[in-house]
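So for the sequence shown, this note's numbering puts the first residue at 34; every next one is plus one.
Note that beta-carbon positions come from the ideal geometry of N, C-alpha and C, so glycine has one too.
Below: one structure, written as structure tokens.
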Amino acid sequence: MNVIHSLTLAQMRAKPRRTLTTLIGVALSVAMLTAVFAGADSFLDLMRREAVATLGSWHGQVSNTSGAVAQALAEDDRLNQVALAANWGLDPAEDGSFAGTSLFGVNDAFYELLGVECVEGALPENSRQLAISSELAHLTGWTVGSQVTLDLVRAWSVSGLEADGTPFYHAETGQWSPSPTGLDHTEEVGSARFTVTGVVEMGAFDNGFGVWWPCFTTLDSAPASSRWNVYFTMGTLSNEIWNVMDDIAALQQSQDPEYDAGYNGRATNRSLLLYAGVDEEGSWLLTAFYSLMGVVLAVILIGAVSLARNAFSISLAERTRMLGMLASVGATRAQKRQSVLFEALLLGLAGIPLGLAAGCAGMAVTLPLVSTQVQELFRFHVPLYLSVRPLPLLGAAALAALALLVSALQPAFRASRVSPIDAIRGAGEVRLRPRDLRIGGITRRLFGFTGALALKNCKRSRGRYRSIVFSLALSVVMLLAASGLSYYVDQSVAMRYGRDIPPAHATVGLSDPAVDPAPLLEEMQSLPGAGTCQITGGIDVGMMGSWQVSEQDLSAEARRWLTERSEYRVQMGLEPLASEGAYTVQPTLLVLEDEDFAAWAGRDVTLRTNLLDCVLVTDNYLADLGSFAQLKNALRIEAGFSQTFDQGEGRFADTWRVASLAAEAPANSGDTTLAGDGLTVQLVTSRTVFEAFLARQAAAGRTGSYFWTVLYTDAEDPVQLQESLLEWVGEGDGQENSYRSAGVSDMSSMQSFAFLLRVFCGGFVVLLCLVCAANIHNTVTTGFELRAREYAMLRSVGVTPGGFARMLRLESLFYGIKALCWGLPVGLAVLVAEHRAINLNFYSAFSVPVWGFVLAAAVVFGVCGLSGWAARRRLARQTIVEAIHTTVL
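Here it is, written out as structure tokens:
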């Protein structure tokens with residue numbers, strides 16, 4: 034360690050408060066970088082593990098295909114693991130207590146990729162051994178060692194009609210297949226006798242079952258007529274998977290005689306691919322995500338550079354005399370530069386490891402603490418814990434080191450140019466020009482002589498004044514950027530996944546308007562495991578007529594987004610959204626209970642019952658090929674608008690009228706629609722108005738399609754409820770003039786990911802407030818302390834303690850006002866940039882988070898005030914003589 038280094042270290046020790054504040058700021062910045070990298074990595078790891086636990090570890094699948102296609106995929110060098118499941122056939126249950134059994138011959142990779150685990154006994158080793166699902170064991174009473182005979186048949190259902198009226202069929206394998214009474218054609222395969230060797234949990238293979246329960250044997254001896262399911266993983270997961278899926282589509286068309294695009298499907302494990310960084314073509318989701326991550330890192334780095342640069346500039350101002358003295362005894366420019374760079378090195382050596390440790394420790398403590406709540410809230414199967422790889426930590430350390438280097442360069446070059454004469458007379462520190470110190474009459478009238486003196490004191494050292502204002506303005510910009518990030522992410526999440534989609538629902542469709550729905554709804558609400566329920570109803574889209582609108586009838590933002598999407602669809606070889614310049618508009622009706630409707634629409638909204646009076650939701654959420662949009666009143670419909678619809682002879686006919694407008698749809702409504710299906714108008718009415726409508730239709734002898742739905746918003750036992758719903762749907766088979774359907778929301782994992790994004794953004798805002806507070810405190814307090822002599826001179830010429838305190842308070846106020854004047858416009862520009870990045874995938878009209886502006890102002894004025902108060906207390910403890918005689922050395 035040379036003399037320059039020793040003097041630098043001594044100077045840092047002589048100012049422990051400033052050194053510690055700077056070190057804390059550096060450590061906080063590194064901790065934020067570490068938290069971003071480690072937290073994002075941990076959350077993505079959680080979602081990947083959850084996707085594997087619920088959907089399996091496969092990347093792509095082909096269902097219900099031919100053996101030739103399965104064989105070709107098994108030999109494809111681009112694929113790593115290939116899981117095969119050959120459906121031998123179906124065995125209808127003799128007693129009719131359930132539909133029956135579906136037998137699959139599978140290979141070893143099937144159990145691994147689908148997460149099928151043996152919970153009792155052992156997996157089959159030959160084609161005469163059988164593993165049964167735990168559900169099948171419960172239904173049949175079969176146990177390990179049981180000898181069972183399966184009378185297998187192949188089954189088909191009608192898919193549609195040829196041009197000459199001849200029906201064409203698709204094969205059934207038990208997945209999403211109807212009960213035996215719903216099968217249109219069967220052929221015997223033969224009988225086979227098996228020994229049950231194991232009981233398994235079906236893992237990800239249980240999707241689609243509930244009528245036919247699967248059992249498994251080995252892959253050899255599968256009948257030639259078997260239909261195959263193929264699951265595979267890529268050797269290297271990349272966008273190459275989309276080429277593979279295209280090749281599989283061509284292969285199916287050429288090698289599968291029974292290929293039917295509507296039933297012989299292909300799919301990718303979208304969630305798993307997305308969390309691994311692979312998204313489908315045409316989707317900007319990952320682009321938007323990486324853009325936002327870039328904004329987050331850029332904001333943190335700017336904050337770190339601002340804080341460190343300000344600290345080094347202040348350190349340079351304190352050491353100007355020391356550097357001049359060194360120059361007078363022969364110190365070179367390089368040696369003076371080293372003084373500042375060595376300080377940056379010491380702060381980095383201490384702050385970067387401290388920040389890495391603090392960031393990891395904070396996440397390691399926080400994530401397990403919330404893991405149980407996250408698992409219970411979102412019914413995750415895997416825990417949340419810190420999962421951090423070396424590469425993210427190295428990235429955080431490298432970015433922090435780069436920020437420190439950039440921060441120190443400009444002060445270091447300034448230090449190299451300090452001459453002995455400049456240091457002695459303080460050249461550049463105070464430059465007095467009349468126009469710089471001129472104070473407007475308004476300031477003097479508002480704040481008096483003390484305020485005018487405070488403002489002049491601020492302006493006496495232009496360099497220091499600009500440095501302080503710049504640092505404060507940058508804090509304002511960072512706070513607005515963080516607020517905007519949180520605001521736009523929340524807006525995009527609502528656009529993509531909806532708000533509060535219920536975990537399960539049951540729907541009964543009716544055609545007779547005279548049917549009393551009360552017994553049905555009571556039965557649906559009392560299903561085992563139901564818990565808290567909400568009743569809704571309505572008429573589906575397409576059942577209330579439609580009309581055409583031209584582009585001129587749409588709002589400007591709707592025209593712009595729809596035109597852009599149409600151009601993209603044409604580039605992809607698809608049909609544009611508009612047909613001859615016109616768009617199809619179709620209304621859909623949602624019915625709420627009277628109390629729910631009043632709580633949503635407001636009790637001042639009154640509806641008439643002599644026609645179908647309703648409230649129109651003006652915000653349209655549209656989706657098209659991975660892009661999403663929120664359009665504000667795209668059709669420019671106003672209250673009083675009405676349309677008459679007629680479903681046909683003897684069918685529903687009436688007039689609906691818009692009584693009022695509402696911006697947001699009710700919760701649990703699932704309001705995103707596909708733009709390719711036309712524009713959908715969401716109408717909402719009360720149960721009283723809807724029942725009056727049904728009464729008019731019944732009196733006129735008309736029938737039509739409508740439905741009642743029970744939303745299970747908080748199920749007591751989700752597993753039991755799912756079983757109850759399957760049984761309830763089965764009980765409705767064969768009933769005339771009605772249908773039943775039920776489902777469990779497939780959006781739960783995506784909404785959970787959306788919630789984690791909101792938590793991440795909220796935590797980011799809080800941490801950034803801490804960094805900005807440290808930056809502002811360091812800037813303001815050091816600025817005051819560097820002017821201790823000036824304040825002592827003012828006190829020596831008669832400024833009273835009260836006037837001195839008021840002057841310092843006003844200086845803090847002026848700093849805050851000036852910072853907001855510069856920071857708010859720049860912050861607004863950053864919000865525009867963030868909005869444009871989001872608009873790559875989530876289109877919406879530009880809006881700003883008002884609370885972000887309030888937060889920025891509160892932080893700036895609050896921390897400036899507290900920092901000024903702390904500096905004022907320290908200055909007041911010094912006597913005039915002590916302050917005047919204080920020197921840097």
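For this session: Could you name the residues that DSSP lists as bridge partners for Ala188?
Result: Along the sequence shown, read from residue 1 onward, the residue named residue 188 stands at position 155. DSSP lists Glu205, Thr219 as partners of Ala188.
Exercise. Taking Cβ positions, are Ser757 and Leu554 nearer each other than 7 Å?
Worked result: Position 724 of the sequence shown, counted from the first residue, corresponds to residue 757. Position 521 of the sequence shown, counted from the first residue, corresponds to residue 554. No; because the gap between Cβ atoms is not below 7 Å, this pair is not in contact.
Exercise. Can you list, in chain order, the residues of its chain whose CB lies under 7 Å from that of Val36, leaving out five sequence neighbours each side?
Worked result: To locate residue 36, count along the sequence shown from 1; it is residue 3. Result list for Val36: empty, nothing under 7 Å.
For this session: Leaving out five residues on either side along the sequence, give the residues of the same chain with a beta carbon under 7 Å from the beta carbon of Leu284.
Result: Position 251 of the sequence shown, counted from the start, is the residue given in the question as residue 284. Cβ within range, chain order: Val102, Ala105.
Exercise. Beta strand (DSSP E) containing Thr642: first to last residue?
Worked result: In the sequence shown, the residue the question calls residue 642 occupies position 609. Run containing Thr642: none; DSSP gives neither H nor E here.
Problem set entry | Cβ neighbour criterion (16 or more within 10 Å) applied to Asn276 | Taking the sequence shown and counting its residues from 1, the one referred to as residue 276 is at position 243. So Asn276 counts as exposed.
For this session: For the segment 64–83 and the segment 410–425, state whether three or more C-beta atom pairs, one from each stretch, are separated by less than 8 Å.
Result: yes
Exercise. Using CA coordinates, which residue listed in Gln180, Val233, Val893, Pro157 is at the minimum distance from Val149?
Worked result: Position 116 of the sequence shown, counted from the first residue, corresponds to residue 149. Minimum Cα distance to Val149 is reached at Val233.
For this session: Ignore the nearest five residues each way along the sequence and tell me which others in Tyr308's own chain have a CB closer than 7 Å to its CB.
Result: For the purposes of this step, residue 308 is taken as the residue at position 275 of the sequence shown. Result list for Tyr308: Leu77, Met80, Arg81, Ala84, in chain order.
Exercise. Ordered along the chain, which non-local residues of its own chain (more than five positions away) have a Cβ less than 6 Å from that of Leu172?
Worked result: Mapped onto the sequence shown, residue 172 falls at position 139. Answer for Leu172: Phe131, listed in chain order.
Exercise. Which residues mark the beginning and the end of the alpha helix (DSSP H) in which Trp159 is found?
Worked result: By one-based count along the sequence shown, residue 159 stands at place 126. Strictly speaking, residue 159 in this sequence is Asn, with Trp absent from that position. Element bounds for Asn159: n/a, residue is neither H nor E.
Exercise. Can you give the Cα-Cα distance for Leu922 and Thr41, rounded to whole angstroms?
Worked result: Numbered from its first residue, the sequence shown carries residue 922 at position 889. Numbered from its first residue, the sequence shown carries residue 41 at position 8. The pLDDT assigned to Leu922 is 36, lower than 50, so where the model puts this residue is not dependable, and the model offers no usable value.
For this session: Give the DSSP bridge partners of Glu234, in chain order.
Result: Along the sequence shown, read from residue 1 onward, the residue named residue 234 stands at position 201. Answer by DSSP bridge pairing, in chain order: Glu150.
Exercise. For Val152, is the classification buried or exposed, using 16 other Cβ atoms within 10 angstroms of its Cβ as the cut-off for buried?
Worked result: Here the question's residue 152 lines up with position 119 in the sequence shown. Exposed, since its Cβ has fewer than 16 Cβ neighbours within 10 Å.
For this session: Locate the beta strand (DSSP E) running through Ile572, then write down its first and last residues.
Result: Taking the first residue of the sequence shown as 1, we reach residue 572 at position 539. Its beta strand (DSSP E) spans residues 565–572.
For this session: Tell me whether the beta-carbon of Gly361 lies closer than 7 Å to the beta-carbon of Pro444.
Result: As a position in the sequence shown, residue 361 is number 328, starting the count at 1. As a position in the sequence shown, residue 444 is number 411, starting the count at 1. For the sequence presented, residue 361 should be read as Ser rather than Gly. No, the Cβ-Cβ distance between Ser361 and Pro444 is not below 7 Å.
Problem set entry | Range of the contiguous alpha helix (DSSP H) that encloses Met278 | Taking the sequence shown and counting its residues from 1, the one referred to as residue 278 is at position 245. Element bounds for Met278: 273–288.
Problem set entry | Classification of Pro200 by the beta-carbon crowding that lies within 10 angstroms, buried from 16 upward | Along the sequence shown, one-based indexing puts residue 200 at 167. Label assigned to Pro200: exposed.
Exercise. Should the segment 533–545 be called in touch with the segment 737–748, which here means at least 3 C-beta pairs below 8 Å?
Worked result: yes
Exercise. Thinking C-alpha only, which one of Val222, His218, Thr251 is nearest Leu230?
Worked result: For the purposes of this step, residue 230 is taken as the residue at position 197 of the sequence shown. Correcting the residue identity first, residue 230 is Thr in this sequence and not Leu. Ranking the options by Cα distance to Thr230, first place goes to Thr251.
Exercise. Can you name, in chain order, every residue of its own chain whose Cβ lies under 8 Å from the Cβ of Asp687, other than the five neighbours on each side?
Worked result: In the sequence shown, the residue the question calls residue 687 occupies position 654. Hits under 8 Å: Leu644, Leu645, Thr677, Phe678, Phe726, Arg729, Gln730.
Exercise. At what residues does the alpha helix (DSSP H) containing Val102 begin and finish?
Worked result: The residue given as residue 102 occupies position 69 in the sequence shown. It spans 100–107 - the alpha helix (DSSP H) in which Val102 sits, taken as one unbroken run.
For this session: Measure the Cβ-Cβ separation of Ser449 and Arg370 and say whether it is below 7 Å.
Result: For the purposes of this step, residue 449 is taken as residue 416 along the sequence shown, with counting starting at 1. For the purposes of this step, residue 370 is taken as residue 337 along the sequence shown, with counting starting at 1. Result yes, Cβ atoms of Ser449 and Arg370 sit closer than 7 Å.
Exercise. Going straight from the alpha carbon of Glu590 to that of Asn140, what length do you get?
Worked result: Here residue 590 corresponds to residue number 557 of the sequence shown, with the count starting at 1. Here residue 140 corresponds to residue number 107 of the sequence shown, with the count starting at 1. Each residue's alpha carbon lies about 53 Å from the other.
Exercise. For Ser693 versus Phe630, is the C-beta spacing smaller than 7 Å?
Worked result: For the purposes of this step, residue 693 is identified with residue 660 of the sequence shown, where counting begins at 1. For the purposes of this step, residue 630 is identified with residue 597 of the sequence shown, where counting begins at 1. Contact flag unset, no.
For this session: Indicate whether the contact test is met: 3 or more Cβ pairs, each with one atom in the segment 110–117 and one in the segment 165–184, closer than 8 Å.
Result: no
Exercise. Rounded to a whole number of angstroms, what is the C-alpha to C-alpha distance between Gly381 and Leu846?
Worked result: Counting from one through the sequence shown, the residue named residue 381 turns up at place 348. Counting from one through the sequence shown, the residue named residue 846 turns up at place 813. Using only the alpha carbons, I get a separation of about 33 Å.
For this session: Look at the alpha carbon of Arg111 and the alpha carbon of Asn666, and state the distance between them as a whole number of angstroms.
Result: Position 78 of the sequence shown, counted from the first residue, corresponds to residue 111. Position 633 of the sequence shown, counted from the first residue, corresponds to residue 666. If I take the Cα positions, the gap works out to 48 Å.
Exercise. Do Thr7 and Asn97 have their C-beta atoms closer together than 7 Å?
Worked result: As displayed, the chain neither begins before 34 nor continues past 922, which places residue 7 out of reach and without an answer.
For this session: Determine, using beta carbons only, whether His38 and Phe375 come nearer to each other than 7 Å.
Result: For the purposes of this step, residue 38 is taken as the residue at position 5 of the sequence shown. For the purposes of this step, residue 375 is taken as the residue at position 342 of the sequence shown. Closer than 7 Å, so yes.
Exercise. Considering only the beta carbon of each residue, do Leu712 and Val618 sit closer than 7 Å?
Worked result: Here residue 712 refers to the residue found at position 679 when the sequence shown is read from its first residue. Here residue 618 refers to the residue found at position 585 when the sequence shown is read from its first residue. Cβ distance < 7 Å, so Leu712 and Val618 count as in contact.
Exercise. Quick one: what does DSSP say Thr250 is sitting in, helix, strand or coil?
Worked result: Reading the sequence shown from its first residue, position 217 is the one you call residue 250. Note: Thr250 maps to strand in three-state DSSP.
Exercise. Under the three-state reduction of DSSP, which class applies to Asp74: helix, strand or coil?
Worked result: By one-based count along the sequence shown, residue 74 stands at place 41. In the structure shown, Asp74 sits in a helix (DSSP, three-state: H, G or I).
Problem set entry | As assigned by DSSP and simplified to three states, the class of Ala391 | Working through the sequence shown from its first residue, we reach residue 391 at position 358. Ala391 falls in the helix class under three-state DSSP.
Exercise. For the alpha helix (DSSP H) that Pro425 lies in, which residues bound it at each end?
Worked result: Within the sequence shown, residue 425 is the residue found at index 392, counting from 1. Its alpha helix (DSSP H) spans residues 423–449.
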